[in-house]
Amino acid sequence: KTLAHLLKYDSVQGKFSGTVDYNEEFLIVNGIKIHATAERDPANLPWAALGVDVVLESTGFFTSPEGAGKHLEAGAKKVVISAPATGDIKTVVLGVNDDTLIGDETILSNASCTTNCLAPMVKVLDDLIGVESGFMTTIHSYTSDQRLLDAPHRDLRRARAAALNIIPTSTGAAKAVGLVLPHLAGKLNGNSLRVPTPTGSATDFVVTLKGNTTVADVNAAFKKASETNLKGILEYSEDPLVSSDIVGNPHSCIFDADTTMVQGNTVKIMGWYDNEAGYSNRVADLITRIG
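If you want it as structure tokens, here you go:
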């Protein structure tokens, strides 16, 4: 009942346009029955009996080869983790390193929403001149791993009321780019500012390139990429956007050309992303790709 209600009504994305119903066994969406289960140990889930091809692991608890592997033990053929993974699990960012997929991978990480925004921007600049090093700040909407009101949390900043504060915190999104562009491992870092918006985030990226460039050349490179190799992943915009303008946008990154700055070989750029809708679209794309 709760899952059906939350799918039908969404405070940010709006009301679901199709039909949603339920019974004791199924969530029924547009007439399609989806088997509902409740099991703490993934190894005990009925994936074999249900003929499941790909499991989307979104609990956040089973991100290691051993944890995600329990879905394989239960009979699933493949697993996609909708979070950064730990251990020896391949990380894929569509449009950036999906050309390295060989087809026999059984567990994949789709990285984070922020890495999916940042990595395409890094790739464009790296292809243009070459990236030497860079720092990222994500201005990120608050998430469920924060407190609605001041309350205990292992991160004392996240313990503060999410809707009332700008909250500095850590993120591994920049370092994770080194997993999809290995030659840049150790060259990127960053942090996060959690802000009082429910969705719609931005990545501010300051990068040192291997040569000088101009605002015109940088923006031209992003416009070209949005129309060619990163079409559907990267959107190019010259409009004066604010965060609510990109809610529901399916792209991983909406490049804001009006904010580009250049000083010699130092470049400052910004990309927007709906950390819910944009990332969800990439998860669906990856599942379709490997399924």
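Residues 35 to 325 in our numbering are what the sequence shown spells out, letter by letter.
Backbone N, C-alpha and C fix where the C-beta goes; we use that ideal spot for every residue, glycine too.
Whole-number beta carbon distance between D184 and A193, since they are thought to touch under 8 Å: 6 Å
At which residues does the alpha helix (DSSP H) containing L27 begin and terminate? Any answer about residue 27 is impossible in this case: the structure gives the chain only from 35 up to 325.
Report the three-state DSSP secondary structure of K302 (helix, strand or coil). strand
Keeping to the same chain, check which residues put their C-beta closer than 8 Å to that of K49; ignore five residues upstream and five downstream. K42, Y43
Minimum C-alpha distance to I303 - residue among G101, L162, V252: V252
Within a Cβ cutoff of 6 Å, which residues of the same chain sit near N131, ignoring the five residues on either side of it in sequence? V214
Candidates V241, Y270, T149: which alpha carbon is nearest M295's? V241
Taking the CB atoms as reference points, tell me whether S277 and L268 lie closer together than 7 Å. no
Which of the three DSSP states is assigned to K42 in this structure? helix
In chain order, which alpha helix (DSSP H) runs of at least 4 residues are fully inside the region 144-174? 147-162
Identify which residue in E272, G168, A255, A195 has its Cα closest to the Cα of W306. E272
How would you write the range of the alpha helix (DSSP H) that K209 sits in, first residue to last? 207-214
Expressed to the nearest angstrom, what Euclidean distance is found between the alpha-carbon atoms of T53 and L159? 44 Å
Reference G358, options T71, A72, Y56, E73, closest by Cα: Missing from the structure shown is residue 358; the chain here goes from 35 to 325 and no further.
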